[in-house]
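In this note's numbering, the protein residues as written are -17 to 165.
Given below as structure tokens:
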């Protein structure tokens, strides 16, 4: 699923994320209540506590205009359709873009709910929840947060299996996503 795409881009080693304010790449910051292991790529971070199949937080500070929502490929005349970011998208369009990106990455049965506006520092953004499954049938719950800055999109997605791991960590991660900010 999405892990394969981002893992292929990983360039940095693993580092421990300690509770408190933490950099999340470029000028993105987030406060954590718990320890994570961070795997850094050139343009994203993947955080996990128990292994990426059991819980993962993707932090992408800057999806550029006409870029695939989870980085990598760009929109072209030969490939005009797909989950490509465009500045000025409405909240429902961004939600659908993230869902389409997950589907394109191999997730199945992706369903989004509770789309709502949120302010991240001085940037207006959105939050919503999702349910999905991987191709082996493991059911996940997820939450997403995103906001536009400087004609780019900051994106955070947390996902964990619906049994045990998501219920265990959801409240803490929900509070964490509320602290996302552009410095």
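Ideal Cβ positions, reconstructed from N, Cα and C, are used throughout, including at glycine. None of these values were measured; they are calculated from a predicted model.
Exclusion of the five residues before and after residue 158 leaves 12, 13, 14, 15 as the residues of its chain whose Cβ lies within less than 7 Å of its Cβ. When DSSP assignments are scanned along the segment 1 to 32, the uninterrupted stretches of beta strand (DSSP E) that are 3 or more residues long and fall wholly within it turn out to be 2 to 5, 10 to 14, 18 to 23, 27 to 30. Straight-line measurement puts the Cα of residue 24 at about 12 Å from the Cα of residue 41. Cα atoms of residue 84 and residue 99: separation of roughly 21 Å, rounded to the nearest angstrom. In terms of Cβ geometry, residue 65 and residue 86 form a close pair [threshold 7 Å]. Between the segment 100 to 109 and the segment 129 to 136 there are three or more C-beta pairs closer than 8 Å, enough to call the two in contact. The DSSP-derived three-state label of residue 141 is strand.
Going by C-alpha positions, residue 50 is about 15 Å away from residue 88. The DSSP-derived three-state label of residue 123 is strand. Our two residues, residue -1 and residue 82, have alpha carbons roughly 30 Å apart in a direct line.
Sequence-distant Cβ neighbours of residue 76 in its own chain, meaning closer than 7 Å and more than five residues away, are 108, 128. Assignment of residue 112 by DSSP, reduced to helix, strand and coil, places it in the strand class. For residue 120 and residue 149, the gap between their C-alpha atoms comes out near 15 Å. In the DSSP assignment, residue 161 forms no beta bridge with any residue.
DSSP places residue 78 in the uninterrupted alpha helix (DSSP H) bounded by 73 to 86. When the beta-carbon positions are compared, residue 123 and residue 144 come within less than 7 Å of each other.
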